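Enquirer:
In the working numbering, the protein residues as written are 11 to 101.
(1) By DSSP, does residue 11 sit in helix, in strand, or in coil?
(2) With a floor of 4 residues, list each alpha helix (DSSP H) that falls wholly inside the segment 11 to 71, ordered by position along the chain.
(3) Can you give me the C-alpha to C-alpha distance between residue 67 and residue 30, rounded to a whole angstrom?
(4) By alpha-carbon positions, which one of 27, 36, 46 and 15 ends up nearest to residue 90?
(5) Buried or exposed: which applies to residue 85, given that a residue is buried once 16 or more other Cβ atoms fall within 10 Å of its Cβ?
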C-alpha cells in the first residue's frame, strides 16, 4: 500500500504531485502506515525530525519535511487525543 492510498486526505493535499515519501522513502512510508491511527505515530515522526547528538544524518529535503508535517496535521484531525504530551528534561 502507499500513504496516498491509505490516507485520502494526504492524497488530496498533494493534488497532482507524487508523494516523495512513497516514492523515495518507502521504508519510512511503510513505518508511518504501520503506526497510522495509533499514538506510536508521534514518537516515530519525532524520531524522524529530531537529530540526536549521537546520530549523523543528512536530513530531509524541505518537500519531504512538508509531507511529514501534513501527515501529522491530518493525523491530529482524524485521531484527536492520540498525541501525548512529551515531558522533556533539560540537564
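Positions of the beta carbon are idealized from the N, C-alpha and C atoms, including for glycine.
In this text the structure is predicted, and so the values were computed from the model without any measurement.
Expert: On the basis of the coordinates in this document:
(1) coil
(2) 13 to 16, 18 to 24, 30 to 34, 36 to 45 and 51 to 59
(3) 18 Å
(4) 46
(5) Around the beta carbon of residue 85, 16 or more other beta carbons sit within 10 angstroms, so the residue counts as buried.
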